[in-house]
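Peer 1:
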Amino acid sequence: MARRIVYSSISLKCLLTICFLLICSVLLAQKTICECASDSLMTQNIGCGQSLLKDGSQLYYQFNCDSIWLTLETNDYQEIIFSGSQEFYAYHYRLDPHLVKEFSSALLFRYGCLANGPCSYFLIAKKDGTRTREFGQLIYDGTIYKASILVYISEKMDNTLEVYDVEQQKTVQIPFDLAGFTAVIPQQQFTKSEVNGDNLILTYKIFPNSNKEAEKVLMIDLDNY
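5 is the number of the first residue of the sequence shown in this note's numbering; add one for each residue after it.
#1: Can you check the stretch 159-206 for any beta strand (DSSP E) of at least 3 residues that lies completely inside it and give the ranges in chain order?
#2: Compare the C-alpha of N163 against each of D181, F185, K220, D169 and name the closest.
#3: Put Q90 into one of helix, strand or coil per three-state DSSP.
#4: By DSSP's criteria, Q82 is part of a beta bridge. Which residues make up the other side?
#5: Report yes or no: do three or more beta-carbon pairs, one from the stretch 166-173 and one from the stretch 113-121, lie closer than 8 Å?
#6: Straight-line CA distance for A129 to E106?
#7: Mind checking who A129 pairs with in its DSSP beta bridge?
#8: Under a Cβ-count criterion, where at least 16 other Cβ atoms within 10 Å of its own Cβ denotes burial, should M223 be classed as buried or exposed?
#9: Got a sec, what are the start and stop residues for the alpha helix (DSSP H) T134 sits in?
#10: Could you tell me if K220 is buried or exposed, where buried requires 16 or more neighbouring beta carbons within 10 angstroms of its beta carbon?
#11: Can you check DSSP and say which residues form a bridge with T209?
#12: Rounded to whole angstroms, what is the Cα-Cα separation between I84 and K131?
#13: Taking one C-beta from the stretch 65-74 and one from the stretch 117-127 each time, how about it: are there three or more such pairs within less than 8 Å?
#14: Pick out whichever of D80, L57, Y93, D59 has its Cα sitting closest to the Cα of Q66.
#15: Under the assumption that P190 contacts I157 (Cβ atoms under 8 Å), give the Cβ distance between them as a whole number of angstroms.
#16: Return the bridge partner residues of L56 from the DSSP annotation.
#17: Hey, T136 and L127: beta-carbon distance below 7 Å or not?
#18: At the level of alpha carbons, what is the spacing between A183 and Q193?
#19: Under 7 Å Cβ to Cβ from D225, same chain only, skipping five residues before and after it: list those, please.
#20: Taking only the alpha-carbon atoms, compute the straight-line gap between S197 and V155 and give it to the nearest angstrom.
#21: Between L99, C38, H102, I205, which lies nearest to I148 when the distance is taken from Cα to Cα?
#22: Between the beta-carbon of C52 and the beta-carbon of C38, is there less than 7 Å?
#23: For the beta strand (DSSP E) holding L99, just list the boundary residues, first then last.
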């Protein structure tokens, strides 16, 4: 008899949990605006799916026939972190912000990607939904390792790479010879990112002269971050 009571209790808890999740999804669906009667293709290109973040917050797009906007909703606030015209909705995936990485205190978004690159990035603070930092094309976006760092070429192009620690909000500069980085988008000469032990290994190609290509690697000690 005791076993039956325990099993029944567990089943009831599971049922209540499922009902709660269904009610939440219905309520969210009811309050989102995702419709343009004059252009049904907008739904196919944008959609209104919700991303559930680790802390229970929700991230979702909405749209009408005039605008597209992205909302971050937490237990404490509801913030529109992007809004724009629907004019270029066919390029929504490239031009409008999309979540790349969720850090403990911030969200990294990619946006403004041209047909062949580069893209731009920004960070949103989870605590209040404000935009805290902007970046150009990243070399490393933090997606393959637990360390909360971003790596990019210094805007000054002064033979420096910058490593930004998202959680500490601190930038460290690394001397780096940019000779041989002759591409229109030099960041695209970095071809691979991988982690080996405590090292982030960035593989890149340089062109010392017009007839030869050389592949090199840069190692960044992640124990420093």
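Backbone N, C-alpha and C fix where the C-beta goes; we use that ideal spot for every residue, glycine too.
Peer 2: According to the data block:
#1: The beta strand (DSSP E) runs of length 3 or more contained entirely in the stretch 159-206 are, from start to end of the chain, 164-169, 174-179, 194-200.
#2: Here the closest residue by C-alpha is D181.
#3: Here Q90 carries a coil assignment [DSSP, helix/strand/coil].
#4: DSSP output for Q82 lists E77 as bridge partner(s).
#5: The stretch 166-173, when compared against the stretch 113-121, does not touch it at the 8 Å Cβ threshold.
#6: Roughly 10 Å separates the two Cα atoms.
#7: A110, per the DSSP bridge assignment.
#8: M223 is exposed by the Cβ-count criterion.
#9: Taken as a continuous stretch (DSSP letters only), T134 belongs to no alpha helix (DSSP H), as it is neither H nor E.
#10: It counts as exposed.
#11: A small fix is needed here, since residue 209 is Lys in this sequence, not Thr. Paired residues: E219.
#12: Roughly 14 Å between the two C-alpha positions.
#13: Because the criterion of three Cβ pairs below 8 Å is not met, the stretch 65-74 and the stretch 117-127 do not touch.
#14: Cα-wise, what sits closest to Q66 is Y93.
#15: By a beta-carbon distance limit of 8 Å, P190 contacts I157. Their separation comes to about 6 Å.
#16: Paired residues: Q62.
#17: A contact, by the Cβ cut-off of 7 Å.
#18: The alpha-carbon separation between A183 and Q193 amounts to approximately 12 Å.
#19: Same-chain partners within the cutoff: D202, N203.
#20: S197 and V155 have their alpha carbons spaced roughly 11 Å apart.
#21: The residue with the shortest Cα to Cα distance from I148 is I205.
#22: Contact flag set, yes.
#23: Unbroken run through L99 is the alpha helix (DSSP H), 96-99; no beta strand (DSSP E).
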